[in-house]
Amino acid sequence: MIDLATTNILVAGIGGQGVMTAAEILAQTALTQGYDVKKTEVAGMAQRGGVVTSHVRFGEKVNSPAIPDGEADLILGFEPAEAARWLIQLKQRGVVLVNQNIQVPPIVNIGLFKYPDDPVASIVERGVEVHAFNATKIAQKLGNIKLVNTVMLGASSAHLPFSADILKESILARFRARKPKLVEINEQAFLAGQEAAAAS
Amino acid sequence: MSGNEALARGAYDAGCRVAAAYPGTPSTEILEYTSQYKDMYTEWSVNEKVSLEVAIGASLAGSRSFCAMKHVGLNVASDALMTQTLIGVKGGLVIAVADDVGLSSSQNEQDSRYWGRFAHIPVLEPADSQEAYDMVKYAFDLSEQFDTPVLLRITTRVCHVKSIITTSGRVEKDSLGFVKEQTRLVMTPANAKHRIPFMHQREATMRDFSNTECPLNTIIPGTDTRIGYVTSGPAFLHVSESFPDAPVFKMGLSYPLPTDKIREFAATVDQLVVVEEIEPLVEIELKAAGINVIGKDILPLQGELAPNILRPAIAELLGEPIPQIEPDKRSGISVEVALPSLADGLFPRPPTMCVACPHLGIYYTLSKVKNTIISGDIGCYTLGAGHPWNAMDTCVCMGASMGVALGLDKGRAESDDNKSILAVIGDSTFMHMGMQGLLDITYNKGNVTILLLDNRAVGMTGGQENPGTGHNIHGEETQRIDFRKLCEALGVNPERIHEVNPYEMPTLFKAIRKEVKIKEPSVIITNQPCVLVDYYKNKPSFEVIDDKCTGCTNCLDIGCPAIMVTRRETVTKPNGSTKELAFVRIESAVCTGCDLCPKTCGPDAIIPVEGFTRD
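Chains as they are written, first to last, in the working numbering: chain A, 1 to 200; chain B, 1001 to 1615.
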């Protein structure tokens, strides 16, 4: 039985972080559960380094591909400042999952702008449910920085209308088809993400 | 399936035999998808005009043909379109034109629906992937039924949105064969004159069709008849999302406008509101027809008409409580908000050049050359206008760096006599529309130094092939253009053509310094590949020895995203002035060892990581 109301997930980060892949996996998984699904992305002009968001919407019937401001159930923030940047899209009682690993752009490094002191604290101040953890460190500990994506998806799994196992299986199936060697490590990353989000 | 994939699949299933395009966001992937179909000829053309001409030729040869481009591409291709409309088609001819509504990756925002009116051809507007698929197939039928090229207007929200679609199989359409018919196919003034009445008659017939049997113009009934909406494309989805109970007139064939049908619809609601993205085309035509509509009086003339823009505007119109709104930081347009924004005061994160991009060394060098006016062009290297380089002074459109540079030279004030005029252009942009400009520079003896950045890819759109890469859209080997010979052929003195490795910054600096002093056209070709293409080879990463870093910030002037500041200090010099120091580290995991930053480091604090291996 599918949840009739539309679920809105905003995945936010920086070009090159795997934002679009994470959104793709969420969308594909929802599709297998019988939902109508729309996924859209807004990327800047260059391939890397700019702000990237992807909107995943699923429910009985989805009209607009873009999540209206104030209607995201979940923000999956791959970087603290990027999670804060899109808070306007979150529901009053939405959930924010954020990778605490800070990525400072060149424009801040050369001294033109300042990186905020604590973007996560500023999100918490708004009174929304926040789970912050360092997905990048978790991925590094597991031996591959690219696992950040799976860690974040694992973290998201407690906040979806379908079970964590369904999402996990959907990720692992992708790897079984493409890179079977990476199935086991991705499973570990998924579980680590689940734990990290639950513990924070 | 994304809208772009659905368009490709739809063209294929419609029996299309020839597809051509030049890459451009958001339309690029359409041809990448069509290239997967073996029994359909697909090519990257050198520019959009050529791609349309290829499609025209294929149509006249009797085959269904297709071309795709971004909005500005049709400006380039319009010369062909404006006469092709007089000729009509043999095999169906469909042109997909993608408007970058909201300018995610373009130099302007244009409403391509104008071309339908200008060229007197029909415009179809799909709203999502399923409609993109269905309408491209339908467009081929319309094209042949009415003897007209058909414009399929799509936007970023069609191209890059994925949704579920149902497809059918390919229907083979054999080529009808070329038939000699000079009075129709050779557009001399005498022949063209006789085709104009045909074109107007065709438009009148299509107007009747749009108002009567066309299945794409439909009414979605609603219970809240205070406002009825007239809309098309993705704006329809935003309307449905925002006002689920309202009656909607949805136009799939938005030109010729189904004015009579809309007039009937208007009688069923209290007020008609036109929701159209960018220009008030439908609104103006309906007003001219005496239909009372509201449109751009309450809606913005730019950007996407998302629910957070529509809802407050309609609430105000109805005199209902207006949801909390704030001006959007980028566009200034008022948008609905729920949680207070945290984006205010937050640093922007503009796109950056990639780690180790060959353009980094070029712009570092250009930023160190004094007294220049730099005429730029369209591509990743347009980012050179930004920080820290600020090494671009103009950017207009594809290939404009050449002509604009010549004009800057010829029109220069006496006070600018000491300035050197440079033009910066990428390999693909040069072949797209820059070559003619260079010919104009040599022919008219311009004093311009040209940097031709050959990174062997259409980098900006994802590294597509072009005649400079020596591979076609399928990756098969083909003629590889020799830029030195090409520039010679365009009239550049062979002694004034230099090929330089852009990672060798002192050599590049010397070449630029030498050539700007010589009062004739020069071309400096940089020859290292885009870091995102297969030809690029990583080298061992670098790291910074913390004790040796003096915080001089020279390396930050490269602009590489892998260089991070670890701490800042302010020091006071003996003369009382202060200097800001910034100590750095290198993100070794992403560094590719391009060796640019060590060249800027006085104290040799940047060294290869010992024993570093990459996965």
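Note that the Cβ used here is the ideal one computed from N, Cα and C, for glycine as well.
- Pairing residue 1137 of chain B with residue 1224 of chain B gives a Cβ-Cβ distance that is not under 8 Å.
- The beta carbon of residue 1024 of chain B is closer than 8 Å to those of 1048, 1069, 1070, 1072, 1073, 1098 and 1461 in its chain, skipping five residues each way along the sequence.
- The closest CA to that of residue 1257 of chain B, considering only B:1067, B:1230, B:1302 and B:1029, is found on B:1230.
- Residue 70 of chain A and residue 1458 of chain B have their C-alpha atoms spaced approximately 38 Å apart.
- Cβ atoms of residue 1596 of chain B and residue 1503 of chain B come within 8 Å of each other, at about 6 Å.
- Looking at the backbone, the Cα of residue 184 of chain A and that of residue 174 of chain A are separated by about 12 Å.
- With respect to chain A, the C-beta atom of residue 1347 of chain B has a partner C-beta closer than 8 Å.
- Between residue 181 of chain A and chain B, the shortest Cβ-Cβ separation is not below 8 Å.
- The C-beta distance from residue 1481 of chain B to residue 1488 of chain B rounds to 12 Å, too long to fall under 8 Å, and the pair is not in contact.
- Shown here for residue 1208 of chain B: not one same chain residue has a beta carbon closer than 8 Å to its own, the five before and five after excluded.
- Beta-bridge annotation (DSSP): residue 1568 of chain B is paired with B:1582.
- A direct Cα-to-Cα measurement between residue 1271 of chain B and residue 1228 of chain B gives close to 6 Å.
- In the DSSP secondary-structure assignment, residue 1524 of chain B is bridged to B:1451 and B:1498.
- Secondary structure remark: continuous beta strand (DSSP E) runs of at least 3 residues inside the region 1116-1171 of chain B, in chain order: 1150-1155 and 1161-1163.
- Of all alpha-carbon atoms in B:1104, B:1066 and B:1386, the one lying nearest the alpha-carbon of residue 106 of chain A is that of B:1386.
- At least one beta carbon of chain B lies nearer than 8 Å to the beta carbon of residue 114 of chain A.
- Annotated three-state conformation of residue 1428 of chain B is helix, per DSSP.
- At least one beta carbon of chain B lies nearer than 8 Å to the beta carbon of residue 109 of chain A.
- Looking only at A:115, A:151 and A:96, the smallest Cα-Cα distance to residue 125 of chain A is reached by A:96.
- Boundaries of the beta strand (DSSP E) harbouring residue 129 of chain A: 129-133, taken from the DSSP string.
- For the region 1544-1577 of chain B, the set of positions with a beta-carbon nearer than 7 Å to some beta-carbon of chain A reads 1556, 1559, 1561, 1563, 1564 and 1565 in chain order.
- For residue 1604 of chain B, the secondary structure class from DSSP, reduced to helix, strand or coil, is coil.
- Against chain B, a Cβ distance below 8 Å from residue 59 of chain A picks out nothing, because the smallest value is about 12 Å.
- Here residue 1132 of chain B really is in contact with residue 1154 of chain B; their C-beta atoms are around 7 Å apart, less than 8 Å.
- The Cβ atoms of residue 134 of chain A and residue 99 of chain A lie closer than 8 Å to each other.
- Counting along the chain, residue 99 of chain A sits inside the beta strand (DSSP E) bounded by residues 90-99.
- In the structure shown, residue 1363 of chain B adopts helical secondary structure according to DSSP, grouped into three states.
- In this structure, DSSP gives residue 188 of chain A a helical state, which the three-state scheme calls helix.
- Only those residues of the region 1158-1189 of chain B whose C-beta falls short of 8 Å from the nearest C-beta of chain A are listed: 1160, 1161, 1162, 1163 and 1164.
- Pairwise C-beta distances place the region 1233-1243 of chain B in contact with the region 1305-1321 of chain B, as three or more of them are shorter than 8 Å.
- In the DSSP annotation of this structure, residue 1099 of chain B is not part of any alpha helix (DSSP H); the continuous beta strand (DSSP E) holding it starts and ends at 1093-1099.
- Residues 190 of the same chain have their beta carbon placed closer than 6 Å to that of residue 168 of chain A, with the five preceding and five following residues left out of the count.
- About 18 Å separates the Cβ atoms of residue 1295 of chain B and residue 1127 of chain B, ruling out a contact at the 8 Å cut-off.
- One Cα belongs to residue 1081 of chain B, the other to residue 1041 of chain B, and the distance between them is close to 21 Å.
- Shortest Cα-Cα distance from residue 56 of chain A to any of A:181, A:49 and A:42 involves A:42.
- Residues of the region 116-142 of chain A with a C-beta less than 8 Å from any C-beta of chain B: 116, 119, 122, 123, 126 and 128, listed in chain order.
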